[in-house]
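Residue numbers (this note's numbering): 199 to 298. Report on one structure; see the data block that follows.
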Amino acid sequence: WDVKWRNIYPQQLRSVPWYSVYGNHDYHQDPCICTNDESQCAQVNANATALDSFFMPGPNWNKDHPELNLEVVGLDLNKFMEGWNRDLPLDELHFNDCQW
Numbered sequence: 199w200d201v202k203w204r205n206i207y208p209q210q211l212r213s214v215p216w217y218s219v220y221g222n223h224d225y226h227q228d229p230c231i232c233t234n235d236e237s238q239c240a241q242v243n244a245n246a247t248a249l250d251s252f253f254m255p256g257p258n259w260n261k262d263h264p265e266l267n268l269e270v271v272g273l274d275l276n277k278f279m280e281g282w283n284r285d286l287p288l289d290e291l292h293f294n295d296c297q298w
């Protein structure tokens, strides 16, 4: 995190919240892919005021900003990576890289 974000972007850019969602590359080393227990997710951070990190309270989330008349939505759609295969039933769609 320090190498890819904190030490790259200046403090001025890090003075506002950064919102995040999981990408397929994040799951290769994260136990979150193998469980529905969000406490096992290595990158989850629900503290929106901690500007030293990103805000991602879970794989799927929303955050209201009434002062802007805005709702930000984060959706993890990695489960549907095999969605191109119409022969697979919905309950068999998953990210195949569960190493945990």
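Backbone N, C-alpha and C fix where the C-beta goes; we use that ideal spot for every residue, glycine too.
The residue from V242, E265, L266 and R212 with its alpha-carbon nearest to that of G272 is V242. CA-CA distance, E265 to R284, rounds to 42 angstroms. By the neighbour-count criterion, in which a residue is buried when 16 or more other Cβ atoms sit within 10 angstroms of its Cβ, N260 is exposed. Where K261 is concerned, the enclosing beta strand (DSSP E) starts and stops at W259 to H263. Partner residues in a beta bridge of E290, as assigned by DSSP, do not exist.
Residue state for V214 is assigned as coil, using DSSP reduced to three classes. A distance of 9 angstroms or more separates the beta carbons of A244 and P229. The criterion of a C-beta distance shorter than 9 angstroms is satisfied by P257 and D274.
By the Cβ-count criterion, D224 is buried, with 16 or more other Cβ atoms from all chains shown falling within 10 Å of its own Cβ.
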